[in-house]
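Residue 42 in UniProt numbering is what sits at position 42 of the sequence shown, and the numbering runs on without skipping anything.
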Amino acid sequence: MTVAVPGESAREKALTREKSKAISKEYDKAENDLKALQSVGQIVGDVLKQLTDDHFIVKASNGPRYVVGCRRSLQSSKLKAGTRVALDMTH
Numbered sequence: 001m002t003v004a005v006p007g008e009s010a011r012e013k014a015l016t017r018e019k020s021k022a023i024s025k026e027y028d029k030a031e032n033d034l035k036a037l038q039s040v041g042q043i044v045g046d047v048l049k050q051l052t053d054d055h056f057i058v059k060a061s062n063g064p065r066y067v068v069g070c071r072r073s074l075q076s077s078k079l080k081a082g083t084r085v086a087l088d089m090t091h
């Protein structure tokens, strides 16, 4: 919600709206990160095979195998067979 300030130009209103959206987006990310930290721990696994550019078969340390995606923040080119990874079970 934005509050109109007398004498504020359309450009200033647009900037205020953009700043508000950026702050809201940052807040949502921080909230999601906090939820991830508070959730069930991560499972360790080993990459067995790359299926596509961003999908892999991973064997979890507790036994099962999963077809998983790779987070955009990681370079999937670094994930080779045998690479140890953390499986985020929250997504």
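All C-beta atoms in this analysis are idealised placements derived from N, C-alpha and C, irrespective of residue type, glycine included.
* **Pair within 7 Å by beta-carbon distance, Q42 and A86** => yes
* In this structure, does DSSP put A14 in helix, strand or coil? -> helix
* To do: Identify which residue in S24, M89, T16 has its Cα closest to the Cα of A60.
  => M89
* Length at least 3, wholly inside the UniProt domain "Proteasomal ATPase second OB" (44 to 89): the beta strand (DSSP E) runs in chain order -> You should have 55 to 60, 65 to 69, 84 to 87.
* Asked: By Cβ distance, which residues of its chain are closer than 7 Å to S47, with the 5 residues on each side in sequence left out?
  -> It is Val, not Ser, that sits at residue 47 in the sequence shown. Taking V47 as the centre and dropping the five residues before and after it, the same chain places the C-beta of F56, V58, L79, K80, A81, G82, T83, V85 closer than 7 Å to its C-beta, in chain order.
* Can you have a look at G69 and say buried or exposed, based on whether 16 or more other CB atoms are within 10 angstroms of its CB? => Residue burial is scored here from C-beta neighbours: G69 has fewer than 16 other C-beta atoms within 10 angstroms and is therefore classed as exposed.
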